[in-house]
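S.K.:
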Amino acid sequence: MKGQTYVILAIILVIVVAVFAVMNVESVEVDYLFWSGESPLILVILFSVLMGGIITAAAGIVKVYQLQKTIKMLKLKNEQMSKQLEDNGIKIMGEDSTEIENKG
């Protein structure tokens, strides 16, 4: 259900941007770092939205990578601590359980 909501919101956003862009078809002057040129406003709007999406997606990918790296590190640390508990004679009853049995 959550995925469908995102798809519907994305479609609505695309429609709004498209309508807004089509309403602005006049030519405008765009100043770049070293030169300037004229371009239809519709292209400037669509290019800006596209670049914003790409930058947002790139930031999201970086965040997902960082979280995956953290999860991997925490799982390794958890395995090391579980082994350390077993070496000291403490048995963990189950992965989802919080009960601990002490053999000593």
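Per my numbering: the sequence shown = residues 25 to 128.
Idealized CB from N, CA, C, for every residue including glycine.
Give the DSSP-derived three-state secondary structure of E53 in the structure shown.
M.R.: If DSSP states are grouped into helix, strand and coil, E53 belongs with the strands.
S.K.: With DSSP run on the structure shown, which of helix, strand or coil describes G84?
M.R.: Correct three-state label for G84: helix.
S.K.: By the three-class DSSP mapping on this structure, what secondary structure does G61 have?
M.R.: Correct three-state label for G61: strand.
S.K.: Going by DSSP, what residue range makes up the alpha helix (DSSP H) through M47?
M.R.: Looking at the DSSP string, the run of the alpha helix (DSSP H) that includes M47 is K26 to M47.
S.K.: How long is the line joining the alpha carbons of V86 and V73, rounded to whole angstroms?
M.R.: Taking the straight line from one Cα to the other gives about 20 Å.
S.K.: Which value, in whole angstroms, describes the spacing of the CA atoms of E53 and Y89?
M.R.: E53 and Y89: Cα-Cα distance of roughly 39 Å.
S.K.: By alpha-carbon positions, which one of L109, L65, K107 and N112 ends up nearest to V43?
M.R.: The candidate whose alpha carbon is nearest that of V43 is L65.
S.K.: Measuring alpha carbon to alpha carbon, tell me which of S60, V46, I78 and I116 ends up nearest I1.
M.R.: Nothing about residue 1 can be reported from this structure: the residues present for the chain run from 25 to 128 only.
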